[in-house]
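For the sequence shown, this note's numbering gives the first residue as 25, with consecutive numbering after it.
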Amino acid sequence: MKTRTEIFETAIDGRPVKVKATPFKIATEEERYRVSINGSPVHIFAWDDQLNRLAVIDKAKLAESIPGNVEEVVGKQLYSRLAA
């Protein structure tokens with residue numbers, strides 16, 4: 025199966041946000057997403073049972089974090105576009 029990269033735009037707090045997301049599977053067959061927001065370094069999104077949505081994983085390892093509201097909106101958009 026060929027991997028598809030999805031590019032979409034959304035608005036967060038009145039500001040345009042461009043998202044580039046590529047799904048991939050890990051050894052356990054769990055789907056994850058490589059996500060770049062406005063040309064940022066790649067963040068990995070995965071399902072978070074506590075938040076009940078897609079969210080950034082390994083936040084402590086990231087030199088550049090993204091604001092929580094951006095993470096939440098992007099996670100919801102990813103779910104509606106790619107995970108459903």
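The C-beta atom is built at its ideal place from N, Cα and C for all residues, glycine as well.
As assigned by DSSP and simplified to three states, the class of R28:
Note: R28 maps to coil in three-state DSSP.
Every unbroken beta strand (DSSP E) inside the region 44-95 [3 residues or more]:
Fully enclosed beta strand (DSSP E) runs of 3 or longer: 55-61, 67-72, 77-80.
Cross-strand partners of R39 (DSSP beta bridge)
Under the DSSP definition of a beta bridge, R39 partners with I36.
Give every residue of the same chain whose Cβ lies closer than 8 Å to the Cβ of R28, excluding the five residues on either side of it in the sequence, and list them in chain order.
For R28, same chain residues with a beta-carbon under 8 Å away, outside a window of 5 residues either side, are T46, P47 in chain order.
Between G38, P40, V66, Y57, which lies nearest to S89 when the distance is taken from Cα to Cα?
Closest by alpha carbon: V66.
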